[in-house]
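Numbering follows numbering that gives the first Met the number 0, with no gaps: position 104 of the sequence shown is 103.
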Amino acid sequence: MRASADNGLKIVVVGGFGAGKTTLVRSVSEIRPLSTEETMTRAGEAVDDASAVRDKNATTVAFDFGRITLDARNVLYLFGAPGQERFWFLWDRLFTGALGAVVLVDTRRLDDSWYAIDRLERHGTPFVVARNDFGGPDFTPRAIRDALDLDPDVPLIHCDARLRGSSKRVLIALVEHAKNRYRRSPSHDTQVPAPYEELPR
Numbered sequence: 000m001r002a003s004a005d006n007g008l009k010i011v012v013v014g015g016f017g018a019g020k021t022t023l024v025r026s027v028s029e030i031r032p033l034s035t036e037e038t039m040t041r042a043g044e045a046v047d048d049a050s051a052v053r054d055k056n057a058t059t060v061a062f063d064f065g066r067i068t069l070d071a072r073n074v075l076y077l078f079g080a081p082g083q084e085r086f087w088f089l090w091d092r093l094f095t096g097a098l099g100a101v102v103l104v105d106t107r108r109l110d111d112s113w114y115a116i117d118r119l120e121r122h123g124t125p126f127v128v129a130r131n132d133f134g135g136p137d138f139t140p141r142a143i144r145d146a147l148d149l150d151p152d153v154p155l156i157h158c159d160a161r162l163r164g165s166s167k168r169v170l171i172a173l174v175e176h177a178k179n180r181y182r183r184s185p186s187h188d189t190q191v192p193a194p195y196e197e198l199p200r
């Protein structure tokens, strides 16, 4: 299906350095993703702290781009944002015009996600939080919510960014969440949203 302006929806994938953003875009895109990854060098060690992600040997320096057709009416354009602090200034531009965002979190480094959540809340952009499976501490959903200070209606989803089905499930949850936010807007319904329960794995 060819995407048009009527059904092309922009999704931004954000999160801390090495949280799996590029991996998610690659796993779910139906086209070969446009990637701006570059090999990490010793010269960059003073700028990008990779001590918590020792297996990482490349990093995104602009953004990743992919595409996925959800159904007959909806095509998602995916923008994976670089996670390093020196690129955070790009995030506000990427959020402009976005249907919503996925915040990928690594439970070993939850504090890396605070800035992304803060910016999205300031923009009023709908978002879901996806805890990427790195085999780290198995925190309960309540513990993660408390650590990130999430509103009750923000979806928290377990995912494995390497798996297409898991990544697609995250995107579908985001689209549904954005639709629900729209329906609850003042021009539609002003009812208070119910707390969001984590989807089963």
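For each residue, glycine too, the CB sits at the ideal point set by N, CA and C.
Measuring alpha carbon to alpha carbon, tell me which of the options ends up nearest residue i.
i      : options                           : result
Ala214 : Leu8, Gly7, Arg161 and Val12      : Within the shown structure, residues of the chain are numbered from 0 to 200, placing residue 214 beyond reach of any answer.
Leu170 : Asp132, Pro185 and Ser26          : Ser26
Ile33  : Arg72, Ala80 and Phe16            : In the sequence under discussion, the amino acid at residue 33 is Leu, which differs from the Ile named in the question. Cα-wise, what sits closest to Leu33 is Ala80.
Gly135 : Tyr76, Trp90, Leu109 and Glu120   : Leu109
Arg72  : Val128, Trp90 and Asn6            : Asn6
Leu89  : Val153, Ile156, Leu23 and Asp63   : Asp63
Thr22  : Val153, Asp132, Ala172 and Gly123 : Asp132
Leu75  : Phe86, Arg92 and Val24            : Val24
Gly15  : Asp70, Asp91 and Asp105           : Asp105
Arg92  : Arg118, Val101 and Trp113         : Arg118
Val174 : Ser28, Asp70, Lys20 and Gly17     : Asp70
Phe78  : Arg121, Gly19 and Arg107          : Gly19
Grab me the residues of residue i's own chain with a C-beta within less than 8 Å of its C-beta, minus the 5 sequence neighbours each way, in chain order.
i      : result
Gly96  : Lys9
Ile156 : Val127, Val128, Ala129, Arg130, Arg168, Val169, Ala172, Glu197 and Leu198
Trp113 : Leu147
Count the other C-beta atoms from every protein chain shown that fall within 10 angstroms of the C-beta of residue i, then say buried if there are 16 or more, exposed otherwise.
i      : result
Ile67  : buried
Asp150 : exposed
Pro154 : buried
Gly123 : exposed
Asp159 : buried
Arg144 : buried
Ser28  : buried
Kindly list the residues whose CB is nearer than 6 Å to the CB of residue i, restricted to its own chain and excluding five residues on each side of it in sequence; keep chain order.
i      : result
Ile30  : Arg66
Pro125 : Gly99, His176, Ala177 and Arg180
Ala42  : Only weak support is given to the placement of Ala42: the predicted model assigns it a pLDDT of 46, under 50, and the question is left unresolved by the model.
Ala146 : Leu109
Asp218 : Residue 218 lies beyond the stretch modelled for the chain, which goes from 0 to 200, so this question has no answer here.
Let's see if you can read the secondary structure: which residues bound the alpha helix (DSSP H) around residue i?
i      : result
Gly164 : Arg163 to Arg182
Thr22  : Lys20 to Val27
Arg141 : Pro140 to Leu147
Ile30  : Run containing Ile30: none; DSSP gives neither H nor E here.
Which stretch, first to last residue, makes up the beta strand (DSSP E) that contains residue i?
i     : result
Ala97 : That residue, Ala97, is in no beta strand (DSSP E); it is neither H nor E in DSSP.
Ile67 : Asp63 to Thr68
Using C-beta distances below 7 Å, list every residue in its chain close to residue i, excluding the 5 sequence neighbours before and after it, in chain order.
i      : result
Leu162 : Ser26
Consider the Cβ of residue i: report whether some Cβ of chain B lies at a distance smaller than 8 Å.
i     : result
Trp90 : Checking the listed chains, one finds no chain B in this structure; it contains a single protein chain.
(Q) Quick test of the definition: if touching needs 3 or more C-beta pairs under 8 Å, does the segment 139–147 touch the segment 164–174? (A) no
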